[in-house]
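Notes for the one structure printed next.
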Amino acid sequence: MVLLSMILLPVLVAPFAWLGERLHKDLPKYLSLAVGAFLALCTAYLLVKYPGNGNGFAFHEFYRIYPPFDFNLHLAVDGISLVLIAITAFLAITVTLSSWHVERPGAFFFLVLIFLGPMVGVFASLNLLWFFIFWEFTLVPMFFHIGIWGAENRIYAAMKFFIYTHLASVFLLLGIIVLYLSTGTFEFEKLVGVHLSPEIAKLVWILMFIGFAVKMPVVPFHTWLPDAHVQAPSPISVFLAGLLLKMGAYGLLRWELFLFPQTSKFFAPLMAFIAVLTIFYAGFRALAEDHIKRMVAYSSINHMGFVLLGLASLTAAGISAAIYEMVGHALIISLLFMIAGYIHHKTHTWYISELGGLMKKIPGLMTMFVIGVLAAVGLPGTAGFVGELTVMLAAFDYYGWIMIIVPLASALGAGFFMWMLQRAVFGPLREGFENLKSLKELPLVENVPLAMYIAAFILVGVIPAVVFNLYNPVVNTFAQLFK
Amino acid sequence: MNINFLAAVMILALTGAFLPVINRVFRISGILGAIISSIGYVVSLFLVIISDQGRSILNSFFVTDDVSRLIGGMVLVASWMTMLVIYWITEKDKFVNELIGALMISTAGALLLISAENFVSLIIAMELMTMPTYLMVLFAFDDTSLEAGVKYFFNGALAVGFMLFGISLLYGMTGSFEFAALAKNLFKDPLVALAAVFIFAGFGFKLTAFPFHFWGPDVYDGTCPGVAALLTGISKSAAFIGLMRVIYEAIPVISKEFTLILAVIAAVTMTVGNLLALAQKRVSRILAFSSVAHAGYTLVAFAALSVPVSVTGILYHSVAYVFMKTAAFLCFAVFLFIWGARTMDDYKGLGRREPLLAALFLIFLLSLAGVPPMAGFISKVFVFTAAVDAGMTWLALIGLLNSAFSVAYYIWIAKQMYLEEPTLDKPINDSPKKNFVLIPLAVMAVLLIVLGIWLTPVLNASAVYAAKVGF
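Just so you know, the sequences run in chain order R and U.
Residue numbers 1 to 483, in full-length UniProt numbering, belong to the letters of the first sequence in order.
Residue numbers 1 to 471, in full-length UniProt numbering, belong to the letters of the second sequence in order.
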């Protein structure tokens with residue numbers, strides 16, 4: 001019942017948040033915070049009770065819907081899903097705190113809550129059709145979040161986001177249908193090791209890969225993301241980067257690599273090529289970007305390239321590293337998006353060339369920004385360092401010296417971030433900023449989530465074992481399939 | 001046919017027939033009329049549900065099986081909800097009871113159509129379903145509805161003509177109208193194929209399948225939207241089932257030859273419907289062209305007739321469609337009544353003006369677009385599963401891409417309602433009893449969500465039917 005309640009409770013509470021606004025303006029956010037706390041408690045329970053050997057799934061819940069068609073809600077978690085559910089709970093709390101003063105809180109938190117339930121469902125579902133149902137439903141609240149609370153071009157971005165990602169899901173759905181017709185089941189545990197003819201397996205693999213690649217996103221399927229990120233309100237950018245992109249990588253890992261190890265091996269060079277392309281393309285785009293949020297968005301694509309590279313290595317080390325990179329990315333990029341949003345809020349400009357010397361006016365916020373940027377470029381002691389390093393080691397291991405180009409891209413990442421810091425944060429204060437009334441430190445409640453991100457990515461950076469130990473046994477078991 | 005089912009049809013038709021008479025004699029108010037017709041609906045719904053007990057009559061004409069009970073129940077619920085909404089939006093019109101009477105008789109015809117297993121009864125049922133709607137289309141008594149009515153009448157007459165010609169050819173060859181007898185006696189012959197083409201053409205008109213779709217949007221747009229809800233939702237769903245029985249029970253020998261033709265018609269129908277819907281400015285025309293596109297999706301399942309999943313696809317899509325399309329048009333009707341909103345520009349900001357009504361409309365639009373967990377999603381899964389299973393992955397891909405592109409105009413309406421500033425300031429008909437009209441719409445929304453997750457009733461019915469037609 002734990003997993004089901006984590007999916008249902010947010011959805012059931014959501015209408016109360018919507019209507020509760022009429023009773024009291026603050027009620028929706030407290031409800032959302034309560035649900036976040038509930039998710040965190042449940043996650044803590046799952047983490048404590050999770051059998052340490054981690055060999056496979058735990059906490060099975062099976063709800064019969066229509067057995068002959070194999071349409072049953074089967075929920076269970078292993079170490080990998082557990083990590084992502086933990087991030088969901090963590091972001092539920094931090095996003096609520098970051099949106100403390102949002103306009104129209106009733107509708108906003110209604111959408112947050114109906115987003116969270118299916119999000120847990122995506123990570124906990126072992127039935128492919130249910131996975132898809134949860135997967136698709138997350139689009140609806142996201143569409144309204146971007147479209148209602150976004151920046152000037154929000155409607156364009158929301159429409160593009162919905163149509164683009166829905167179109168991608170069509171390929172995923174077709175892949176699911178072909179897979180079902182070839183195997184007669186949607187169940188993960190029945191699908192593991194199932195034998196498909198190579199042509200069918202390749203067809204299914206490609207169809208599903210398109211769906212996952214758009215969501216991740218990787219070049220050339222990424223064009224929806226910068227628009228969505230730039231227009232979305234910052235807390236929603238956090239959901240986008242922290243959870244929505246992870247759905248793509250998680251889906252790729254769970255429903256493609258683990259299910260079709262041989263086919264994945266066949267396509268691994270393609271994945272690696274796309275990954276390196278993504279890393280470089282996004283790196284260069286970020287370097288050329290003057291818009292601070294768009295720059296963070298491209299750096300986010302760059303990091304997802306690392307995730308894909310880790311997955312493409314098809315080794316236990318690489319997959320573990322990719323999952324770790326997902327965790328680190330979720331925490332670090334969330335911090336950067338939040339602060340980029342605050343910078344715009346305070347200075348009324350998005351453009352790096354119009355900023356300067358912010359450190360002099362708002363040292364507290366800017367210190368956190370610098371910490372976040374250093375983590376993003378891979379400062380040792382943060383999650384960014386461990387993630388990129390382990391991914392690169394795995395890639396070297398599998399693909400050899402050709403991967404020497406990847407650290408170059410990493411240097412590129414350091415380059416664009418440092419250049420941005422030098423122009424926007426340090427240096428002389430820009431004219432007109434001395435007397436800008438809005439340019440002051442954040443209220444305490446909005447500092448809390450930022451501090452939580454920093455504490456989290458330093459914690460997992462210093463003691464990576466807290467994350468690695470959770471899913472390494474699972475990954476090791478599945479990595480045997482690739483041998 | 002089961003005597004309970006027949007009683008259900010008779011009670012519905014008689015309630016409908018006597019409603020105007022009662023009104024003329026006793027001058028009943030809107031609410032009283034709604035209560036009387038609701039009693040008719042409830043009784044006949046009850047009779048449909050229990051219709052597997054009781055004596056059988058008229059056996060070679062009609063059949064009462066799981067399909068007719070399931071779809072019959074769904075059609076009755078949809079029609080009942082339509083009746084409630086129509087009463088609400090046309091309460092003060094002095095002819096409203098005539099309109100409701102015609103609606104009930106037409107629904108009775110739909111009930112007969114979904115259980116017809118003989119070409120004579122099929123034609124009678126279809127005409128019983130259609131004749132009252134000729135009258136209903138003219139109900140607004142203005143120029144556009146006159147034009148729509150004329151178009152509708154001539155196309156309907158043409159459709160019946162085509163079908164009768166095809167049927168007469170079959171009769172000439174076998175000397176029988178019965179589906180079972182035809183299936184036994186027919187053999188592969190060019191003349192049989194010709195007859196099938198004419199019968200398909202007749203159904204093509206009813207379903208607004210390409211190239212017989214031209215009348216559809218003009219009529220749905222020209223008449224009052226409550227009537228359009230009946231035409232695009234209830235009548236079409238019933239016609240799907242009628243065509244399903246013809247294909248699987250009457251002419252199975254020849255229908256497999258039509259796979260490719262049906263597939264091409266399906267592909268063109270959905271593409272044309274979606275492309276034209278994208279170009280529309282009036283919400284009623286968008287819904288009308290989306291109804292053409294949905295005829296295409298259903299035809300995908302018909303094209304996949306060599307596999308049993310096709311039956312599931314047809315049934316599920318009919319069930320989902322009868323609610324989502326009827327309800328979408330009814331939402332449009334209510335918006336038109338309260339705000340006078342017709343075009344996309346009028347819909348700006350209506351989400352803020354009517355939060356609950358707009359939320360319901362959103363559910364129906366998302367279901368039409370195929371977003372889970374609504375029934376429209378799972379029905380599309382079955383339709384396209386059937387196509388892939390029958391070896392027509394290309395058709396499934398075209399259908400899925402179409403479905404993804406159709407999201408553009410559904411979400412466009414949502415965008416207008418929720419993301420734009422309102423343009424309409426004052427409602428033209430503000431009723432204090434506004435929340436009553438939400439109840440029938442909410443019932444359909446709940447049914448759509450429940451049927452999107454609880455697959456058992458439809459899948460069981462389709463399994464029984466698939467076994468019956470020999471899969």
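Ideal placement from N, C-alpha and C gives every residue a C-beta, glycine not left out.
At a Cβ-Cβ threshold of 8 Å, alanine 158 of chain R and phenylalanine 137 of chain R do not count as neighbours. If you check the CB distance, threonine 269 of chain U and alanine 209 of chain U come in under 8 Å.
For isoleucine 453 of chain U, the closest Cβ of chain R is nearer than 8 Å. Note that the C-beta distance between glycine 305 of chain R and isoleucine 279 of chain R is below 8 Å. Secondary structure at asparagine 185 of chain U: helix, using DSSP grouped into helix, strand and coil.
In the DSSP annotation of this structure, the continuous segment of the alpha helix (DSSP H) that includes arginine 24 of chain U starts and ends at 3 to 26. For asparagine 72 of chain R, the enclosing beta strand (DSSP E) has its first and last residue at 71 to 77. The segment 384 to 414 of chain U contains no complete alpha helix (DSSP H) run of 4 or more residues. When DSSP states are grouped into helix, strand and coil, isoleucine 65 of chain R belongs to the strand group. At a beta-carbon threshold of 8 Å, the residues of chain R lying near leucine 459 of chain U are Tyr66, Pro68, Phe69, ordered along the chain. Contact check for glycine 273 of chain U and isoleucine 378 of chain U: beta-carbon distance about 21 Å, past the 8 Å limit, so the pair fails to qualify.
A straight-line Cα-Cα distance of about 12 Å links methionine 368 of chain R and phenylalanine 457 of chain R. With its beta carbon at least 8 Å from every one in chain R, isoleucine 363 of chain U lies outside the interface. Here the alpha carbon of glycine 79 of chain R sits roughly 4 Å from the alpha carbon of tyrosine 471 of chain R. Taking 8 Å as the cut-off, the beta carbon of glycine 117 of chain R is found no closer than this to the beta carbon of alanine 17 of chain R. Boundaries of the alpha helix (DSSP H) around valine 219 of chain U: 215 to 222. Between the alpha carbons of threonine 174 of chain U and asparagine 185 of chain U lies a distance of about 6 Å. Excluding its 5 nearest sequence neighbours in each direction, leucine 262 of chain U has C-beta neighbours in its own chain below 7 Å: Leu299, Phe302, Ala303, listed in chain order. Three or more Cβ pairs closer than 8 Å define a contact, and the segment 87 to 94 of chain R meets that threshold against the segment 236 to 256 of chain R.
Going by C-alpha positions, histidine 213 of chain U is about 16 Å away from phenylalanine 198 of chain U. DSSP places threonine 107 of chain U in the helix class (H, G or I) of the three-state scheme.
For serine 403 of chain U, the chain R residues whose Cβ falls inside 8 Å of its Cβ are Val170, in order along the chain. The beta carbons of valine 9 of chain U and methionine 136 of chain U sit no closer together than 8 Å. Against chain U, the CB of histidine 166 of chain R has a partner CB under 8 Å away; the residue lies at that interface. Here isoleucine 411 of chain U is near phenylalanine 162 of chain R, since their CB atoms are less than 8 Å apart. Valine 327 of chain R and histidine 291 of chain R have their C-alpha atoms roughly 25 Å apart.
Among the CB atoms of chain R, none fall inside 8 Å of the CB of phenylalanine 323 of chain U.
For leucine 442 of chain R, the CB contacts under 7 Å within the same chain, skipping 5 residues up- and downstream, are Tyr342, Leu365 in chain order. Under DSSP, the beta-bridge partners assigned to arginine 282 of chain U are U:Thr343.
The alpha-carbon separation between serine 438 of chain R and histidine 344 of chain R amounts to approximately 11 Å. Closest in C-alpha terms to glutamate 61 of chain R, from the list R:Leu73, R:Met119, R:Val218, R:Phe69, comes R:Leu73. The bridge partners DSSP lists for histidine 291 of chain R are R:Tyr351. Excluding its 5 nearest sequence neighbours in each direction, histidine 329 of chain R has C-beta neighbours in its own chain below 6 Å: His303, listed in chain order.
Per the Cβ contact rule, the segment 68 to 86 of chain U is in contact with the segment 224 to 238 of chain U (3 or more Cβ pairs under 8 Å). From the listed residues U:Val334, U:Thr456, U:Asn97, U:Met244, the smallest Cα separation to arginine 64 of chain R is found for U:Thr456. Closest in C-alpha terms to alanine 213 of chain R, from the list R:Leu196, R:Leu191, R:Met271, comes R:Met271.
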